[in-house]
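Numbering (my numbering), first residue to last: 2 to 461. Glycine included, every Cβ here is placed at the ideal spot set by N, Cα and C. Down below is the structure, laid out as structure tokens.
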Ligand code: ARG
């Protein structure tokens, strides 16, 4: 047991208590952030005269040595230490002697852990942003390649009206663009430095919090020392944005699973992104899409957990807050893995365009257009709706499509129909006539693609 706080105790900690309390098994994940935070801290301490330049150099050399040795595997982080902060400090003292004991001047583990978690979250948020950008770029390419790929659009999972694959993918494009901008917003609020808040009430040392913040790439120091050590809003916001990303990935996965099924055959997943069955030789399963859908629950779980943990905690720091880490780390790894795999899966899947188009022609997806034809010929919409309903009934009875009816059959139900009804209900016409902002017609999609192009350009 290596603890930082034995002084006022007369007994050893019970082993079970020690184990229950320790966080080294998971907070070792941010050893790098902990060391970088300490380097900034001592740099600041020297600049205000609390440490000499020589002491600062010795401590920084020691810290860099620890970082190097952890990374090259010669120094192992073990559960002999209570947490990552104790590990670094104890190793520093081992290496450089008494001067290492000055590292923790003007600092508490409360503001230290608040800093580490923020630095770690910030780094990971940037990585997730990058992965969302990769996905957005793949979606952009899919849209550009599929302006003419017709498919049915669904409501209630029933064929509704024809759209294009570009338009369908375009819907997800909007979702992921919003996800991206949510991550940017969160970064703006998260990027303030809690170090210098002390345990809760600041410190009596003349710390230059502006400098520490600047050294660590923050916009500035946090404003209230009690809030600084108690705030985990940024974790909640981040997990909320991650949950929304997962929700979007999960919906898209669900569609890919449906499209990849034997019944639909709209897409075929690449062999490298599919799995087989141990018993059924014919099987090629969409496990990746299913796992993305399944793992969404873990990320929601992390969000619910931290919201619940935080809701009853009085100010300022309480040990409950140690619970902010494990599930957040798991959620971060999950979102990163899912984004990367999903992007690979959709960039390698093949579209079965003839099947998609055939499916778009069946199921009366052009019924609304037949009604619109009547409206354009002076029939009130409600009456037109009724007439087309009769047409559909007639076709179901004969097991044919609207396109297969003869003009005489049309006229028997309404004399308004003329030869041009066939063009009006053709698949091309049904899609291409729809050119209001956001619609699937080519002109509208071209504008959407241009807007996406601009969005992507402005990212770099
Ligand atoms: N492991 C602790 C955490 O994650 C570090 C802070 C400890 N502070 C304290 N007052 N015990 O929150």
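Is residue i close to the ligand ARG? I mean its beta-carbon at under 7 Å from any heavy atom of the ligand.
| i | result |
| --- | --- |
| residue 311 | no |
| residue 4 | no |
| residue 26 | no |
| residue 323 | yes |
| residue 320 | yes |
| residue 20 | no |
| residue 114 | yes |
| residue 111 | yes |
| residue 84 | yes |
Is residue i near the ligand ADP, in the sense that its beta carbon is under 7 Å from a heavy atom of that ligand?
| i | result |
| --- | --- |
| residue 326 | As far as ligands go, the structure on display features the ligand ARG and does not contain the ligand ADP. |
Across which residues does DSSP place residue i in a beta bridge pair?
| i | result |
| --- | --- |
| residue 144 | DSSP, once it has assigned bridges, lists no residue as partnering residue 144. |
| residue 162 | 154 |
| residue 52 | Answer by DSSP bridge pairing: none, since residue 52 is not bridged. |
| residue 268 | 352 |
| residue 194 | 222 |
| residue 276 | 286 |
Could you tell me if residue i is buried or exposed, where buried requires 16 or more neighbouring beta carbons within 10 angstroms of its beta carbon?
| i | result |
| --- | --- |
| residue 6 | exposed |
| residue 222 | buried |
| residue 75 | exposed |
| residue 126 | buried |
| residue 157 | exposed |
| residue 150 | buried |
| residue 160 | buried |
| residue 171 | buried |
| residue 361 | buried |
| residue 128 | exposed |
| residue 18 | exposed |
| residue 163 | buried |
| residue 238 | buried |
| residue 57 | buried |
| residue 448 | exposed |
| residue 282 | exposed |
Is the CB of residue i under 8 Å away from at least one CB in chain D?
| i | result |
| --- | --- |
| residue 27 | The question asks about chain D, but that chain is absent: this structure has only one protein chain. |
- Okay, do the region 213-227 and the region 32-48 touch, 3+ Cβ pairs below 8 Å being the bar? With the cut-off at 8 Å, the region 213-227 and the region 32-48 touch.
- Task: Decide yes or no for the touch test of the region 342-362 against the region 263-272: beta carbon pairs closer than 8 Å, at least 3 of them.
- Result: With the cut-off at 8 Å, the region 342-362 and the region 263-272 touch.
- Kindly confirm or deny that the region 391-402 and the region 410-426 touch, where touching means at least three C-beta pairs closer than 8 Å. Three or more beta-carbon pairs drawn from the region 391-402 and the region 410-426 are found closer than 8 Å, and the two stretches are therefore classed as touching.
- Task: Would you be able to state if there are at least three C-beta pairs under 8 Å between the region 306-314 and the region 288-298?
- Result: Too few Cβ pairs lie closer than 8 Å, so no.
- Task: Mind the definition here: the region 178-196 touches the region 129-144 only if three or more C-beta pairs lie below 8 Å; say whether that holds.
- Result: Counting C-beta pairs with one atom in each stretch, the region 178-196 and the region 129-144 have three or more that are closer than 8 Å, which means they touch.
- Item | At least 3 beta-carbon pairs within less than 8 Å: the region 92-112 vs the region 44-53 | Yes: at least three Cβ pairs fall under 8 Å.
- Please determine if the region 417-433 and the region 368-382 are in contact, where contact requires at least 3 C-beta pairs separated by less than 8 Å. Touching, yes, given that three or more Cβ pairs across the two stretches are closer than 8 Å.
- Message: Check whether the region 196-211 and the region 244-263 are in contact - that is, three or more C-beta pairs closer than 8 Å.
- Response: With the cut-off at 8 Å, the region 196-211 and the region 244-263 do not touch.
- Query: Between the region 400-410 and the region 337-355, do at least 3 Cβ pairs fall closer than 8 Å?
  - Reply: They do not touch, by the three-pair rule.
- Message: Under 8 Å: do the region 137-151 and the region 114-122 share three or more Cβ pairs, one atom per stretch?
- Response: No: the two stretches stay apart, fewer than three of their Cβ pairs being nearer than 8 Å.
- Task: May I ask you to verify whether the region 327-341 touches the region 229-245, counting CB pairs closer than 8 Å and requiring at least 3?
- Result: They touch, by the three-pair rule.
- Stretch pair the region 56-66 + the region 225-234: three plus CB contacts closer than 8 Å: Cβ pair count under 8 Å is below three, so no.
- Query: Counting Cβ pairs closer than 8 Å, one from the region 8-27 and one from the region 80-96, do we hit at least three?
  - Reply: Output reads yes: the region 80-96 touches the region 8-27.
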